[in-house]
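Chains as they are written, first to last, in this note's numbering: chain A, 10 to 119; chain B, 1167 to 1278. Inspection log for the structure reproduced underneath, given as structure tokens.
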């Protein structure tokens, strides 16, 4: 069983839709949770970074962490074609090793 | 501009021919790491370095070497590349092991 599971998609939505991206994990030692966005032919770039359970909002993006269920989510409101990319969840423990999910490919259609 | 620079962006080589992929960062970051990205497998860590002269194996270190002689540079060395090392490689850095990573734009390697 992988430490981090992420549905690879692809996920296709119309412009303006609310998008929900999810990851589950098995290691209860994970304390730091991140979402990266990766455009084609580019390296991943950090979107959201959270340390604890709860919600964190940044513009149209909301990251949610539920440590009791070992489940994290990224919500994108009012999705735009420019949001079309691959979204990677990542998490680490105090030891510092960062584990990535497989990535979910998102396409937002005009 | 703060960035992680990898070279080359694309590389085609033959089995057994030694190659080096360079990585340089201008943010004075202590932590640097190499990943490979393969379809269906996501990003997997090859090697990482907590500081100068300190390196350690990640999840998939076999067939790779690294060195960290100075803070800004972290080259990835394939002494005898094989076709199963055909992949997209990313170098990344951060100010500490607990901080988010800054990634380079990747090196697409093909070994025939």
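Every residue gets a Cβ at the ideal spot worked out from N, C-alpha and C, and that includes glycine. All figures in this text were calculated on a predicted structure; none of them were measured in a lab.
Can you give the Cα-Cα distance for residue i and residue j, rounded to whole angstroms?
i: residue 1267 of chain B; j: residue 1214 of chain B; result: 12 Å
i: residue 109 of chain A; j: residue 1183 of chain B; result: 30 Å
i: residue 40 of chain A; j: residue 13 of chain A; result: 13 Å
i: residue 46 of chain A; j: residue 1245 of chain B; result: 32 Å
i: residue 1173 of chain B; j: residue 1204 of chain B; result: 19 Å
i: residue 66 of chain A; j: residue 1207 of chain B; result: 29 Å
i: residue 38 of chain A; j: residue 1250 of chain B; result: 32 Å
i: residue 1201 of chain B; j: residue 1211 of chain B; result: 4 Å
i: residue 29 of chain A; j: residue 1188 of chain B; result: 37 Å
i: residue 1224 of chain B; j: residue 103 of chain A; result: 16 Å
Please determine, among the options, the residue with the shortest C-alpha to C-alpha distance to residue i.
i: residue 36 of chain A; options: A:107, A:117, A:112; result: A:107
i: residue 42 of chain A; options: A:71, A:24, A:49, A:17; result: A:71
i: residue 93 of chain A; options: A:15, A:61, A:48; result: A:48
i: residue 1194 of chain B; options: B:1259, B:1229, B:1227, B:1248; result: B:1259
i: residue 24 of chain A; options: A:31, A:89, A:64; result: A:89
i: residue 1222 of chain B; options: B:1198, B:1188, B:1238, B:1239; result: B:1198
i: residue 34 of chain A; options: A:80, A:96, A:95, A:103; result: A:80
i: residue 1255 of chain B; options: B:1271, B:1238, B:1192; result: B:1271
i: residue 15 of chain A; options: A:52, A:38, A:83; result: A:83
i: residue 19 of chain A; options: A:95, A:102, A:119; result: A:95
i: residue 91 of chain A; options: A:22, A:10, A:11, A:58; result: A:22
i: residue 119 of chain A; options: A:11, A:26, A:10, A:17; result: A:26
With 16 other CB atoms within 10 Å as the buried threshold, where does residue i fall?
i: residue 75 of chain A; result: exposed
i: residue 99 of chain A; result: buried
i: residue 86 of chain A; result: exposed
i: residue 113 of chain A; result: buried
i: residue 1282 of chain B; result: An answer regarding residue 1282 of chain B cannot be provided, because it is not within the stretch 1167 to 1278 covered by chain B.
i: residue 63 of chain A; result: exposed
i: residue 53 of chain A; result: buried
i: residue 1234 of chain B; result: buried
Helix, strand or coil: which one does DSSP assign to residue i?
i: residue 1227 of chain B; result: coil
i: residue 23 of chain A; result: strand
i: residue 92 of chain A; result: helix
i: residue 1250 of chain B; result: helix
i: residue 1168 of chain B; result: coil
i: residue 66 of chain A; result: strand
i: residue 1180 of chain B; result: coil
i: residue 42 of chain A; result: strand
i: residue 109 of chain A; result: strand
i: residue 1263 of chain B; result: coil
Discussion item. Under 8 Å, CB to CB, which of the residues in the region 1255-1267 of chain B have a partner in chain D?
Written reply: Note that chain D does not occur in the displayed structure, where the protein chains are A and B.
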